[in-house]
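Novice: Read in order, the letters of the sequence shown are residues 9 to 140 in the numbering used here.
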Amino acid sequence: MTLARYVEFAVRGDQLGWLVALEGNRNVPFAIKRAYYIFGTKSGVRRGKHAHRQLTQMMVCLAGQCKVMLDDGRNCEEVALTRNDCGLMLDRMIWHEMYDFSPDCVLLVLADNWYDETDYLRDYDAFKAACA
Ligand code: TYD
């Protein structure tokens, strides 16, 4: 079983350049309620390091590259995000850590709900206990 599920986006373009459109409940498989982006991550930093009780998200690496570790409490998987025409699904109850950011990395995250700190599991042992 693989934890990493991707959605490929159609790339539109002509001699002017390229464009990707992201639409909730169309090529993004949930209604988008929030978008945020992560950039300017310093060398050696690991971000994320949490899971969400309910939130569903999708990550798209718009520029540069980074790695993502996904952990469902039983299996771990590392993926490299290098493409801006492909979204990585981040389901609820997946512990995730992002690292090895290139200096130019811009990571867009789409979410199906607003920011809610009470939805976070930030303690790995508490996450493992919640998975059991
Ligand atoms: P955090 O989840 O710790 O992200 P990272 O590990 O990638 O740096 O969030 C960093 C801060 O940003 C924290 O104070 C919460 C805040 N935040 C918001 O206010 N809204 C949001 O949508 C997100 C994702 C974070």
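We put the CB at the ideal spot given by N, CA and C, even for glycine.
1. Of the choices L63, V87, A18, N83, whose alpha-carbon is the least far from that of C74?
2. Please tell me whether, using a cut-off of 7 Å, the distance from the CB of I40 to the nearest non-hydrogen atom of the ligand TYD is below it.
3. Could you give the distance in angstroms between the alpha-carbon of M77 and the alpha-carbon of W103?
4. Is there at least one non-hydrogen atom of the ligand TYD closer than 7 Å to the beta-carbon of Y56?
5. Verify whether the separation of the beta carbon atoms of C166 and L98 is less than 8 Å.
6. Taking 7 Å as the cut-off, is the beta-carbon of I102 closer than that to any non-hydrogen atom of the ligand TYD?
7. By Cβ distance, which residues of its chain are closer than 6 Å to R13, with the 5 residues on each side in sequence left out?
8. Which residues in the same chain have their Cβ closer than 6 Å to the Cβ of G81, if we skip the five residues on either side of it in sequence?
9. What residue range is occupied by the uninterrupted alpha helix (DSSP H) comprising D133?
10. Are M106 and G56 close, meaning C-beta to C-beta below 8 Å?
Specialist: Based on what the coordinates show:
1. For the purposes of this step, residue 74 is taken as the residue at position 66 of the sequence shown. Comparing Cα positions, the closest option is V87.
2. In the sequence shown, the residue the question calls residue 40 occupies position 32. The answer is no for I40.
3. The residue given as residue 77 occupies position 69 in the sequence shown. The residue given as residue 103 occupies position 95 in the sequence shown. Rounded to the nearest angstrom, the two C-alpha atoms are 8 Å apart.
4. For this step, residue 56 is matched to residue 48 along the sequence shown. Checking the sequence shown, residue 56 turns out to be Gly, not Tyr. Checking every heavy atom of the ligand TYD against the Cβ of G56, one is found closer than 7 Å.
5. Nothing in the structure corresponds to residue 166, since the chain is present only between 9 and 140.
6. Taking the first residue of the sequence shown as 1, we reach residue 102 at position 94. For the ligand TYD, not one heavy atom lies less than 7 Å from the Cβ of I102.
7. Translated into the one-based positions of the sequence shown, residue 13 becomes position 5. Within the same chain, R13 has close Cβ partners M97.
8. Counted from its first residue, the sequence shown places residue 81 at position 73. Closer than 6 Å at Cβ, skipping near neighbours: K136, C139.
9. Walking along the sequence shown from the start, residue 133 turns up at place 125. First-last of the alpha helix (DSSP H) with D133: 132 to 139.
10. For the purposes of this step, residue 106 is identified with residue 98 of the sequence shown, where counting begins at 1. For the purposes of this step, residue 56 is identified with residue 48 of the sequence shown, where counting begins at 1. Against a cut-off of 8 Å, the Cβ pair of G56 and M106 comes out as a contact.
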